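Here's the structure we're looking at; comments come further down.
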Amino acid sequence: MEGPRAAAAGDVSLHNFTARLWEQLVHFHVMRLTDSLFLWVGATPHLRNLAVAMCTRYDPIPVSTALLGDTSDPTSTGLAQRLGRYWAQLPERLAGDLAVREPR
Numbered sequence: 001m002e003g004p005r006a007a008a009a010g011d012v013s014l015h016n017f018t019a020r021l022w023e024q025l026v027h028f029h030v031m032r033l034t035d036s037l038f039l040w041v042g043a044t045p046h047l048r049n050l051a052v053a054m055c056t057r058y059d060p061i062p063v064s065t066a067l068l069g070d071t072s073d074p075t076s077t078g079l080a081q082r083l084g085r086y087w088a089q090l091p092e093r094l095a096g097d098l099a100v101r102e103p104r
């Protein structure tokens, strides 16, 4: 029986950074996996809320749910939905941009 397959180089990419938006210090944690993207944004460098969203073929609005934290606060699930919708439409947007541009 084989053990778990080791991740090949380039399968996971991690980025942690902090930025100042207006007068608020905001912390970011981005993890790019093979077929997905994990983005965490917070005012403190502690993971307190985690939501996930995914597109389905049954509804144009991505389904989202809170995995960790306060489920009565819709901020994280709303942000997850918006990011899910954006990333789902990205291939169409890129194809449209490429079709509009003329080759040099």
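Here the sequence shown is numbered in full-length UniProt numbering, starting from 1 and rising by one per residue. Beta carbons: idealized from backbone N, C-alpha and C, even for Gly. Quantities reported herein were computed from a predicted structural model and do not represent experimental measurements.
Cβ neighbour criterion (16 or more within 10 Å) applied to residue i
| i | result |
| --- | --- |
| S64 | buried |
| A43 | exposed |
| G3 | Bear in mind that the predicted position of G3 carries a pLDDT of just 39, short of 50, making it unreliable; the figure below should be weighed with that in mind. Exposed, by the Cβ-count rule. |
| Q89 | exposed |
| N49 | buried |
| A19 | exposed |
| A6 | Unreliable placement is indicated for A6, whose pLDDT of 42 sits below 50; the coordinate value is still reported in the next sentence. Exposed is the call here. |
Rounded C-alpha distance that separates residue i from residue j
| i | j | result |
| --- | --- | --- |
| E23 | V41 | 16 Å |
| L68 | L37 | 17 Å |
| I61 | C55 | 7 Å |
| V12 | R32 | 6 Å |
| T77 | A66 | 6 Å |
| L47 | Y86 | 23 Å |
| Q81 | L14 | 22 Å |
| L79 | P91 | 20 Å |
| V26 | P45 | 8 Å |
| N16 | L39 | 10 Å |
| A53 | D73 | 15 Å |
Delimiting residues of the beta strand (DSSP E) encompassing residue i
| i | result |
| --- | --- |
| H46 | Neither: H46 is in no beta strand (DSSP E) and is coded neither H nor E. |
| R20 | 13-21 |
| T65 | 63-68 |
| R32 | 24-32 |
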